[in-house]
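Numbering (the numbering used here), first residue to last: 2 to 176.
Here the structure is laid out as structure tokens; the discussion comes afterwards.
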DNA sequence: ACGAAGATCGACT
DNA sequence: GTCGATCTTCGTA
């Protein structure tokens with residue numbers, strides 16, 4: 002579960018889709034282009050948020066996961082709304098039962114109220130953190146990552162993971 | 001200072 | 001399925 006608490010209230014969802022980015026070797030990872038102001042958080046210690054603006058439109062959330070100096074991160078691509086669903090629906094201007102609420106990296110950040118202000122956020126703090134879900138997970142599928150064709154052979158690596166059959170998974174797998 | 005390229009979304013057909 | 005929106009980041013000069 003991914004949980005975000007703001008003055009507006011709490012919103013939380015089960016992570017049902019994620020992708021691994023293994024810089025600096027992985028050419029699909031932003032960190033493959035080196036340490037810049039934008040990618041600095043990825044080069045830092047694990048347990049912090051790497052947030053970036055996508056296409057000038059949407060925010061995307063990554064969890065920094067490897068030791069300091071190892072710029073690896075996990076992109077959260079979809080969640081299944083569990084708590085604060087009405088708040089998410091209001092933020093998204095969608096109905097509470099719409100799968101459009103959180104079925105994409107830019108949609109779930111909007112639903113949870115995550116923006117660039119959360120860059121570098123401590124994931125073990127009180128505001129943005131992970132929590133054990135009490136639900137039994139379904140079967141996990143894997144596939145190539147989405148929209149990283151520019152990365153050559155790295156684009157083919159099956160480093161996208163999702164819960165099979167979950168309606169909040171963003172893109173239907175090709176296989 | 002300029003320009004190109006996005007780890008996407010939403011509207012539309 | 002296609003297509004335009006929108007703006008930060010970073011390489012280059």
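Every residue gets a Cβ at the ideal spot worked out from N, C-alpha and C, and that includes glycine.
A straight line joining the alpha-carbon of residue 139 with that of residue 82 spans about 16 Å.
Here the alpha carbons of residue 57 and residue 80 stand approximately 22 Å from one another. Residue 122 and residue 38 have their C-alpha atoms roughly 15 Å apart.
For residue 88, same chain residues with a beta-carbon under 7 Å away, outside a window of 5 residues either side, are 9, 10, 12 in chain order.
Counting the other CB atoms within 10 Å of its CB gives residue 23 a total of 16 or more, which places it among the buried residues.
Beta-bridge partners assigned by DSSP to residue 133: none are found. With a 10 Å radius around the Cβ and a threshold of 16 neighbouring Cβ atoms, residue 113 comes out buried. Along the stretch 58 to 94, the beta strand (DSSP E) occurs as fully enclosed runs of 3 or more residues at 59 to 65, 73 to 84, listed in sequence order. With respect to residue 137, residue 17 sits apart: the two C-beta atoms are not nearer than 7 Å. In the DSSP assignment, residue 36 falls outside any alpha helix (DSSP H) and carries neither an H nor an E.
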